[in-house]
Amino acid sequence: MTFDYIKEQKDFEHTFKFISDMFDKNAFSSCINLSENKYKSDIIMYLYDSISCGVAKCVELLVPEKIASIKQSLDKLKQSGEFLRTRTGGKRNTEERIEMVIKTIKEC
């Protein structure tokens, strides 16, 4: 299988535009006091890898009509105890977080 640069570029751009449309500058920021729409001005690496990779794996499901529901669901996920327990550790926790994001998006 050959690398399809055009498709990969399109998917990459669509992924990060969708993330930007959902969260603006707060895409990878932690929530303040576990509150939706109140974010710290930080970039959390475990949020970056799980959200960007999880959203990219669902690129075919990313339509403008779902921005609000996916954002709300991902905000809830980011605050859940199950997700927060995977913040540290190695590859297994990273993969688990990505799968949680994928599942959340597919349920929207």
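If you want the working numbering, it's the 1-based position in the sequence shown plus 7. Note that the Cβ used here is the ideal one computed from N, Cα and C, for glycine as well. Nothing here was measured: the structure is a model prediction, and the numbers come from that model.
Hey, residue i and residue j: beta-carbon distance below 8 Å or not?
i	j	result
isoleucine 77	isoleucine 112	yes
arginine 104	threonine 95	no
tyrosine 12	asparagine 33	no
leucine 91	valine 108	no
So which of the options has the shortest CA-CA distance to residue i?
i	options	result
lysine 98	Pro71, Asp56, Lys85 and Glu20	Asp56
serine 37	Gly96, Met107 and Ser87	Ser87
lysine 85	Ile58, Glu114, Ser27 and Asp28	Ile58
threonine 101	Gly61, Phe10, Tyr46 and Ile13	Gly61
cysteine 115	Pro71, Glu89, Leu91 and Glu15	Pro71
phenylalanine 30	Gln79, Glu89 and Glu15	Gln79
Short of 7 Å in beta carbon distance, which residues of its chain neighbour residue i, apart from the five on each side in sequence? Order them along the chain.
i	result
valine 66	Asp18, His21 and Thr22
Between residue i and chain B, is any beta-carbon pair separated by less than 8 Å?
i	result
glutamate 106	Of the protein chains in this structure there is only one, and it is not chain B.
Can you name, in chain order, every residue of its own chain whose Cβ lies under 6 Å from the Cβ of residue i, other than the five neighbours on each side?
i	result
leucine 54	Phe35
leucine 69	Phe25
lysine 64	Ile109
Below 8 Å CB to CB, which residues in the same chain sit around residue i once its five sequence neighbours on both sides are set aside?
i	result
isoleucine 51	Phe35, Ser36 and Ser37
Segments of 4+ residues assigned as alpha helix (DSSP H) that fall wholly inside the stretch 53-99:
74-86 and 88-91
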